[in-house]
Structure formats: C-alpha cells, structure tokens
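S.K.: Take this structure first; my questions come after.
Protein chains: 2
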Amino acid sequence: MNAVDVVITEVGPRDGLQNTKSFMPTAAKKAWISAEAAAGVPAIEVCSFVPAKLIPQFVDAEEVLAHANSLRGLTPVVLVPNFKGCERALAAGAHRVMVPISVSEAHSMSNVRKTTAQAIEEFARMADLVKAQARDRRAQLVGACSTAFGCSLQGVVAEADVVRVALALRAAGADSISLADTVGYANPEQVKRLFRKVREAIGADFPIEAHFHNTRGLGLANALAAYEVGVRNFDSTLGGLGGCPFAPGASGNVVTEDLVFMFESMGVNTGIDLGKLIEVRRTAFAPLPDAELYGHISKAGLPKGFQPWSQAA
Amino acid sequence: MNAVDVVITEVGPRDGLQNTKSFMPTAAKKAWISAEAAAGVPAIEVCSFVPAKLIPQFVDAEEVLAHANSLRGLTPVVLVPNFKGCERALAAGAHRVMVPISVSEAHSMSNVRKTTAQAIEEFARMADLVKAQARDRRAQLVGACSTAFGCSLQGVVAEADVVRVALALRAAGADSISLADTVGYANPEQVKRLFRKVREAIGADFPIEAHFHNTRGLGLANALAAYEVGVRNFDSTLGGLGGCPFAPGASGNVVTEDLVFMFESMGVNTGIDLGKLIEVRRTAFAPLPDAELYGHISKAGLPKGFQPWSQAA
Numbered sequence: 003m004n005a006v007d008v009v010i011t012e013v014g015p016r017d018g019l020q021n022t023k024s025f026m027p028t029a030a031k032k033a034w035i036s037a038e039a040a041a042g043v044p045a046i047e048v049c050s051f052v053p054a055k056l057i058p059q060f061v062d063a064e065e066v067l068a069h070a071n072s073l074r075g076l077t078p079v080v081l082v083p084n085f086k087g088c089e090r091a092l093a094a095g096a097h098r099v100m101v102p103i104s105v106s107e108a109h110s111m112s113n114v115r116k117t118t119a120q121a122i123e124e125f126a127r128m129a130d131l132v133k134a135q136a137r138d139r140r141a142q143l144v145g146a147c148s149t150a151f152g153c154s155l156q157g158v159v160a161e162a163d164v165v166r167v168a169l170a171l172r173a174a175g176a177d178s179i180s181l182a183d184t185v186g187y188a189n190p191e192q193v194k195r196l197f198r199k200v201r202e203a204i205g206a207d208f209p210i211e212a213h214f215h216n217t218r219g220l221g222l223a224n225a226l227a228a229y230e231v232g233v234r235n236f237d238s239t240l241g242g243l244g245g246c247p248f249a250p251g252a253s254g255n256v257v258t259e260d261l262v263f264m265f266e267s268m269g270v271n272t273g274i275d276l277g278k279l280i281e282v283r284r285t286a287f288a289p290l291p292d293a294e295l296y297g298h299i300s301k302a303g304l305p306k307g308f309q310p311w312s313q314a315a
Numbered sequence: 003m004n005a006v007d008v009v010i011t012e013v014g015p016r017d018g019l020q021n022t023k024s025f026m027p028t029a030a031k032k033a034w035i036s037a038e039a040a041a042g043v044p045a046i047e048v049c050s051f052v053p054a055k056l057i058p059q060f061v062d063a064e065e066v067l068a069h070a071n072s073l074r075g076l077t078p079v080v081l082v083p084n085f086k087g088c089e090r091a092l093a094a095g096a097h098r099v100m101v102p103i104s105v106s107e108a109h110s111m112s113n114v115r116k117t118t119a120q121a122i123e124e125f126a127r128m129a130d131l132v133k134a135q136a137r138d139r140r141a142q143l144v145g146a147c148s149t150a151f152g153c154s155l156q157g158v159v160a161e162a163d164v165v166r167v168a169l170a171l172r173a174a175g176a177d178s179i180s181l182a183d184t185v186g187y188a189n190p191e192q193v194k195r196l197f198r199k200v201r202e203a204i205g206a207d208f209p210i211e212a213h214f215h216n217t218r219g220l221g222l223a224n225a226l227a228a229y230e231v232g233v234r235n236f237d238s239t240l241g242g243l244g245g246c247p248f249a250p251g252a253s254g255n256v257v258t259e260d261l262v263f264m265f266e267s268m269g270v271n272t273g274i275d276l277g278k279l280i281e282v283r284r285t286a287f288a289p290l291p292d293a294e295l296y297g298h299i300s301k302a303g304l305p306k307g308f309q310p311w312s313q314a315a
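As given, the protein sequences belong to chains A and B, one line each in that order. Position one of the first sequence corresponds to residue 3 (the numbering used here), numbered consecutively onward. Position one of the second sequence corresponds to residue 3 (the numbering used here), numbered consecutively onward.
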C-alpha cells in the first residue's frame, strides 16, 4: 500500500450487497472489486462468511476472496459473524477479518442471539485461532464495536459500554478497533467525544477505524469530525449501496466517491483516482438493476479547476 | 429573538423559489413563512426585489414582505440585486437587506452585468440610502460575497480577492458579511481557512454568515467546519429546495431540517422545533407539486431516545 493520508475501505461488496434483493453474479463481484482496486482503493471488504442459507448473496465467499487475494496491492477484508465463519475465512486465506460485536445488548441478541459478553468470549476464541497461524501469514483481526453511537432497538448506548467493549476486544487479541454507527445515529460532537474516549482507553497508537452510515445525512460531517480527532481509517460504499429499506432516499453507508471527494478537495491524499472511481460506479452495478444508488459528486461533476491531491502534489 | 447558539436563516422562499418552474401562490408563500416562523425559525429570506419580468416568482415581493413583517419574533430578510431593488425593498419596509456581490468577475458580469468593483460601488450607494433612514428603523445591510469558494465560470477564486471584497463591503457600510458557496465548490478545509482569513481582516467581532449549497454533498460538513471556526449564522432551505437543474439528485442549498438535526444532536441550540419543522416540509410544498425535495432526517426519522437541545435543557 502506498503512503496515503487516510485509508478508505470500500465495504460495498459486503455491507452493500447484503442489503440488495438480487444476487450479484460472482463474475460481476470480481469485476467490481478489480475495478475499484485499479482505481487505487487500498482495501475492500469483499464478502461475509455467514451461512449461505441466511444470506444467499455470500454463497460464493471463498471464490470472491480468492479473486481479491490475487490482486496486487489490495488488502481484502472479510466479515465473520462467529467462530465457524472465522474458521471458514481463515481456511479460505483471509488476510484481514472483521468481527462485529454489538455494544447494544438488544442488538446483539437480535443479530447473533448472544449477549455482548458471549460475543466477546467467542471473539477471544477467534483470536486464539488467528494466533495459531504461522507468524508470517497470520491474519489481522478487527474488533468492530457495532451500534457504538446508538441502537434502533435499545436507543441510547452508554459511552462507558463502548469503551469497555473496545478494551475487552483489544485484550482478547484484536489488532484494530472499529467504531460503527450501524444505524446512522451519530453526530459530529458525539463522534469526537467517543473516539477520544476510546483512544484514551486503548492507547492513541492502537489502530482505530470508523464506519459511518448516512441514514440521517450526517455521514460526511461525522467522517470529518473523526478525521479531526485523528482517525485515518474509514469505511464507505460506492454509490452508498445498501440504503435502509425503511427510509427511502436515506442512503446506507457513507458514499465512497463523495468521501474521496471531500478528502481530496481538502488536500488529504486517499491514493484513489476519483475519475476512475466514478467510472466504476457507472459500470459496476449494471448487473444489479434494482440497486438504489446515492451520492452527489458523480452527478454534479468535479468543480472547474479542481485539483485532487495526486495532481496538486 | 430568543438566545440561541446558532441562527439559522431559512432562504427557501427566495433561493428555493427562484429555481422552481411553477409560481407559488402568494397565500401559499405566506402560509409557509408563517409555519416556519411558528416552528421557531428565527429568520427567513422571504423574497427578492428583482424586476418581475426577470423572475416572475417575485412579483408579489411587497405583499410577502408585509406579511413576514407582521409576524412577531421573525426577522425577515430580502435579497436586492441592485440600487433600484434596494429602494423598493426599503420603501416596502425591509428590516434586513442582503446584497450579493460576486467575487468572481466572470460571475458578476454574467449575473448583474457589472464588474465586482462596479457592484461594490453600487453597494456603497445602497448603504447611503440605508444610512439616510431614521436611526430607530434603519435596515441592516448584509454584504454577501458570492462565489467566494469558487465559480463554475471562472474556476478558482483567489482567497485574497474574497478578503478584499469583504473589506470593501465593510468599509462601504455593511452590517454583516456573508461568504456564499454559490455553486457548491467549497470543502471543509477551505471553509475554515477562508472564514479565518476574512475574520482576521474584518475583525473577529464583526458579524459573519455562511451560505452553503449541497451540490457536491459537502453542505453539512462545510457547515460543521464553519461552526468550528466560530461562525454562528447559517442559511439553508427546507427540503433543500432549489436543486441545480444540471445535476439531478444533487440538491441545492443545505437542507434546513438536516442542518437543524445536526446542530440539535450536537447539543447546539437552534431554537427550532424539529418535529414542527418536518411537519412544515410535509405541508408547505403541496401547492408546488413539481418541486424536488431532498434531505434525510424527514425520511429516516429521529433516532430512538433522541433529545433535542430544547428537551435536554
């Protein structure tokens, strides 16, 4: 990976596709991943190792991951919901494994039928599995604190609970902690406060990542707030793929191309070619005609005289 | 006006309506203005004193302003493009007059067929007109630096030019300076830098305002950035009314209800009842069926357990 100021992880092939009705053909997934990697996207969450009977979209997880692993310079990420998924992912050659742990007990029960404590315990077993790998090919483990900014079932999530879960995940063996605004409840003030608190607890040098949704329109403002308190790793999806079905027009994840535009226009190097990225948006979703896409920069076009980081340097 | 942390000026009846195809009946305009004022919106830009043959939407400017002037607690604002418009506005009883001056020479010529210097000269004559008013009913004059963050005709706009125009407007008699991102080119880093520069030049205590468009999706992030460097006055439009015709889906102004949601969720008091405001969005545009509305919070709904400033206090 080249030196960049922020690392953007495209999570559309996982977070986006798990919300779409149609199955995206495996070849189309591979083409999408290849095209975004070619546009300079440094990391892509390519699939989820959930049982195919729960989410049929990911029946081809092994094949998609193998393809992503073959792409030079790309860091593929996979989601695993439990120990079994972790075993499958590692067997399939995963380099970076993201495990969501709901800080909200209500969400944890609803999502994986475990308490948060049980989920952390299972995370520790996954960490043992990873530690048993040969040192030179050991996977990285991301402990993601889901519903860190609030929960549509539980409502408010105590910040002390987020800190506690983050500390537990680090202690259990996480290589990185992610704070996820799973339902789009976060606001910029809260983002700054919570990231500061968690970094104070886990150590300012311990890797930390941000995962924002744009459900209530604050996605980019929240990303800006996180950037301002030192966060340098951000998830997003091309075209904001994955809108909430209950809120038409309220897009899902932060839109990758808009996030890249924001950072590049600020002089923050993402390493991503924005023109190429917008072109990927135009072509990648042809096999998914019912996908609702969001975002602004792809429609409005770049400002006249716009100099992205790469050109200005 | 009650003590609030930020003052949001609804500019939809002017900036929004000047971009819509249909004429909004005068009674509907009055009802919209009344309803937003009742929701606690402290200031509304209610019309433009341009010749009706140029923008027929504002043929009823006098009547709409008279209605707005009758509403207790509301500060009505009017736009005037030139000296004649200023005379009309003052004769009609305007309390707050906003005059846009394009920093971009190309935009100034295209918009009012004057150089920026000629426009500033005319602004000074308007200031004289205002100063001739009786002291206790003297109107406030806002000098708005249009295209301050870039221009779709000229491209880059030099920051030194913005500072120069702001200083000239203050010297000519402006009571307040506004920096306007007329075409949606601004980014948060630029917003902070330019507001800092202009405030350094005109004085940190001199009133300053921000007018952002959301054409490229950065509207709220830019508002956040401006807030962080001390700006406390923001323009926006309900439902983002006034989208650019060349960029479908790329909304026009910052969406008022989303801006209010951002600030209130951060614990920043806007004095506005968000529930009532969203209700206004539902009813105000019925007489304008071709209006394209944008925004997130009105579709996604408030977070569970959400406490706006007014409830938390």
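Glycine included, each C-beta is placed from N, C-alpha and C at the ideal position. Everything numeric in this text was worked out from a predicted model, so none of it was measured.
(1) Would you kindly report the start and end of the unbroken alpha helix (DSSP H) that includes B/Glu266?
(2) Taking the alpha carbon of B/Asn189 as the point to measure from, which residue in B/Arg137, B/Gln309, B/Lys31, B/His213 has its own alpha carbon closest?
(3) Residue range of the beta strand (DSSP E) that A/Cys147 falls in?
(4) Starting from A/Asn113, trace the alpha helix (DSSP H) both ways and give me its first and last residue.
(5) Along the chain, where does the beta strand (DSSP E) that runs through A/Ser253 open and close?
(6) Cβ closer than 7 Å: which chain A residues qualify as neighbours of B/Val158?
(7) Go ahead and pull the three-state DSSP assignment for B/Asn235.
(8) So, using beta-carbon positions, are B/Glu155 and B/Ala96 closer together than 8 Å?
(9) So, are the CB atoms of B/Ala146 and B/Val193 less than 8 Å apart?
(10) Compare the C-alpha of B/Arg234 against each of B/Gly241, B/Leu226, B/Leu276 and name the closest.
(11) Determine whether the Cβ of A/Arg218 lies closer than 8 Å to any Cβ atom of chain B.
(12) List, from N- to C-terminal side, the alpha helix (DSSP H) runs of 4 residues or more that fit wholly inside the stretch 118-196 of chain B.
(13) Please go through the same chain and pick out, in chain order, the residues whose beta-carbon is closer than 6 Å to the beta-carbon of B/Ala176, but skip the five residues on each side of it.
(14) In the DSSP assignment, the alpha helix (DSSP H) including A/Val282 goes from what residue to what residue?
(15) Is the Cβ-Cβ distance between A/Val66 and A/Lys23 less than 8 Å?
(16) Return helix, strand or coil for B/Leu81, following the three-state DSSP convention.
(17) Going by beta carbon distance, what residues of the same chain come within less than 6 Å of B/Val13, once the five residues before and after it are set aside?
(18) Tell me, please, which residues DSSP counts as bridged to A/Ile210.
(19) Less than 8 Å between the beta carbons of A/Met100 and A/Leu76, yes or no?
(20) Kindly indicate which three-state DSSP category A/His97 falls into: helix, strand or coil?
(21) Quick one: what does DSSP say B/Val43 is sitting in, helix, strand or coil?
(22) May I ask you to report which of helix, strand or coil DSSP gives B/His298?
(23) Is it buried or exposed for A/Leu222, if we count other Cβ within 10 angstroms and need 16 for buried?
(24) For A/Glu191, return the contacting residues in chain B, with the cut-off set at a CB-CB distance below 9 Å.
(25) Check whether the Cβ atoms of B/Ala168 and B/Ile179 sit closer than 8 Å, and answer yes or no.
(26) Which first and last residues belong to the alpha helix (DSSP H) in which A/Val9 is found?
(27) Say whether chain B places a C-beta atom closer than 8 Å to the C-beta of A/Ala223.
(28) Measuring only between beta-carbons, confirm whether B/Gly14 sits less than 8 Å from chain A.
(29) Just how far apart, CA to CA, sit B/Asp183 and B/Asp62?
(30) Just by C-beta distance, which residues in the stretch 283-306 of chain A are closer than 7 Å to chain B?
(31) Relative to chain A, which residues along the stretch 206-217 of chain B have a C-beta separation below 9 Å, given in chain order?
(32) Is the CB of A/Met111 under 8 Å away from at least one CB in chain B?
(33) Give the interface partners of A/Phe263 over in chain B, defined as CB-CB distance under 9 Å, in chain order.
(34) Select from A/Leu220, A/Gly219, A/Asp163 the residue whose C-alpha is nearest the C-alpha of A/Ala203.
(35) Between the Cα of A/Val105 and those of A/His298, A/Val159, A/Gln20, A/Gly273, spot the shortest distance and give me the residue it belongs to.
M.R.: Checking against the coordinates, here is how it stands:
(1) The residue you call residue 266 of chain B lines up with position 264 of the second sequence. Where B/Glu266 is concerned, the enclosing alpha helix (DSSP H) stretches over 258-267.
(2) Taking the second sequence and counting its residues from 1, one reaches residue 189 of chain B at position 187. For B/Asn189, the nearest C-alpha among the options comes from B/His213.
(3) Translated into the one-based positions of the first sequence, residue 147 of chain A becomes position 145. Secondary structure note for A/Cys147: its beta strand (DSSP E) is the uninterrupted segment 142-148.
(4) Residue mapping note: residue 113 of chain A aligns to position 111 of the first sequence, counting from 1. In the DSSP assignment, A/Asn113 falls within the alpha helix (DSSP H) that extends over 107-114.
(5) Here residue 253 of chain A refers to the residue found at position 251 when the first sequence is read from its first residue. Note, A/Ser253: premise wrong, no beta strand (DSSP E); not H, not E.
(6) Here residue 158 of chain B corresponds to residue number 156 of the second sequence, with the count starting at 1. By Cβ distance, chain A contributes Gly307.
(7) Position 233 of the second sequence, counting from 1, holds the residue named residue 235 of chain B. Assignment of B/Asn235 by DSSP, reduced to helix, strand and coil, places it in the strand class.
(8) Locating residue 155 of chain B in the second sequence gives position 153, where the first residue counts as 1. Locating residue 96 of chain B in the second sequence gives position 94, where the first residue counts as 1. Sequence check: residue 155 of chain B is Leu here, not Glu. Not closer than 8 Å, so no.
(9) Here residue 146 of chain B refers to the residue found at position 144 of the second sequence. Here residue 193 of chain B refers to the residue found at position 191 of the second sequence. Going by C-beta atoms, B/Ala146 is not nearer than 8 Å to B/Val193.
(10) Counted from its first residue, the second sequence places residue 234 of chain B at position 232. With distances taken between CA atoms, B/Arg234 lies nearest to B/Leu226 out of B/Gly241, B/Leu226, B/Leu276.
(11) Numbered from 1 along the first sequence, position 216 holds the residue referred to as residue 218 of chain A. At least one CB of chain B lies nearer than 8 Å to the CB of A/Arg218.
(12) Within the stretch 118-196 of chain B, complete alpha helix (DSSP H) segments of at least 4 residues are found at 118-133, 161-174, given in chain order.
(13) Walking along the second sequence from the start, residue 176 of chain B turns up at place 174. Taking C-beta separations shorter than 6 Å and ignoring five residues to either side along the sequence, the partners of B/Ala176 in its chain run Leu143, Gly145, following chain order.
(14) One-based indexing of the first sequence puts residue 282 of chain A at position 280. According to the DSSP assignment, A/Val282 belongs to the alpha helix (DSSP H) that extends over 276-286.
(15) For the purposes of this step, residue 66 of chain A is taken as residue 64 along the first sequence, with counting starting at 1. For the purposes of this step, residue 23 of chain A is taken as residue 21 along the first sequence, with counting starting at 1. In this structure, A/Val66 keeps its C-beta atom at 8 Å or more from the C-beta atom of A/Lys23.
(16) Indexing the second sequence from 1 puts residue 81 of chain B at position 79. DSSP places B/Leu81 in strand when its eight states are reduced to three.
(17) Start at 1 with the first residue of the second sequence, and residue 13 of chain B comes out as number 11. A distance below 6 Å between beta-carbons, with the five flanking residues on each side excluded, links B/Val13 to the following residues of its chain, in chain order: Glu47, Asp237, Thr239.
(18) For the purposes of this step, residue 210 of chain A is identified with residue 208 of the first sequence, where counting begins at 1. DSSP, once it has assigned bridges, lists A/Ile179 as partnering A/Ile210.
(19) Residue mapping note: residue 100 of chain A aligns to position 98 of the first sequence, counting from 1. Residue mapping note: residue 76 of chain A aligns to position 74 of the first sequence, counting from 1. Against a cut-off of 8 Å, the Cβ pair of A/Leu76 and A/Met100 comes out as no contact.
(20) Residue 97 of chain A sits at position 95 when you count from the first residue of the first sequence. Three-state DSSP puts A/His97 in coil, outside helix and strand.
(21) Start at 1 with the first residue of the second sequence, and residue 43 of chain B comes out as number 41. In the three-state reduction of the DSSP assignment, B/Val43 falls in the coil class, being assigned neither a helical nor a strand state.
(22) Position 296 of the second sequence holds residue 298 of chain B. Residue state, collapsed to three classes: coil.
(23) Residue numbering aside, residue 222 of chain A sits at position 220 when the first sequence is read from its first letter. Residue environment analysis places A/Leu222 among the buried positions, since at least 16 neighbouring C-beta atoms fall within 10 angstroms of its C-beta.
(24) Residue 191 of chain A sits at position 189 when you count from the first residue of the first sequence. Here the neighbours are Ser267, Met268, Gly269, Val270.
(25) Along the second sequence, one-based indexing puts residue 168 of chain B at 166. Along the second sequence, one-based indexing puts residue 179 of chain B at 177. Yes, Cβ-Cβ distance for B/Ala168 and B/Ile179 is below 8 Å.
(26) The sequence position of residue 9 of chain A within the first sequence is 7, counting from 1. Per DSSP, A/Val9 belongs to no alpha helix (DSSP H); it is in the beta strand (DSSP E), 9-12.
(27) As a working mapping, residue 223 of chain A is identified with position 221 in the first sequence. Yes, A/Ala223 lies at the interface with chain B (some Cβ there is under 8 Å from its Cβ).
(28) Your numbering for residue 14 of chain B matches position 12 in the second sequence. No, B/Gly14 lies away from the interface with chain A (no Cβ there is under 8 Å from its Cβ).
(29) Sequence index remark: in the second sequence, residue 183 of chain B carries index 181 (1-based). Sequence index remark: in the second sequence, residue 62 of chain B carries index 60 (1-based). For B/Asp183 and B/Asp62, the distance between alpha carbons rounds to 27 Å.
(30) Of all residues in the stretch 283-306 of chain A, those with a C-beta nearer than 7 Å to a C-beta of chain B are Gly297, His298, Ile299, Lys301, Ala302, Pro305, Lys306, reading in chain order.
(31) For the stretch 206-217 of chain B, which is checked against every Cβ of chain A, the residues closer than 9 Å are Asn216, Thr217.
(32) Working through the first sequence from its first residue, we reach residue 111 of chain A at position 109. No, A/Met111 does not count as interfacial toward chain B.
(33) As a first step, residue 263 of chain A must be located in the first sequence, where it is residue number 261. Within chain B, Asn189, Arg218, Gly219, Leu220 have C-beta atoms less than 9 Å from the C-beta of A/Phe263, given in sequence order.
(34) In the first sequence, counting from the first residue as 1, residue 203 of chain A sits at position 201. Of the candidates A/Leu220, A/Gly219, A/Asp163, the one whose C-alpha sits nearest the C-alpha of A/Ala203 is A/Asp163.
(35) Position 103 of the first sequence, counted from the first residue, corresponds to residue 105 of chain A. Selected option, being the one with the closest Cα: A/Val159.
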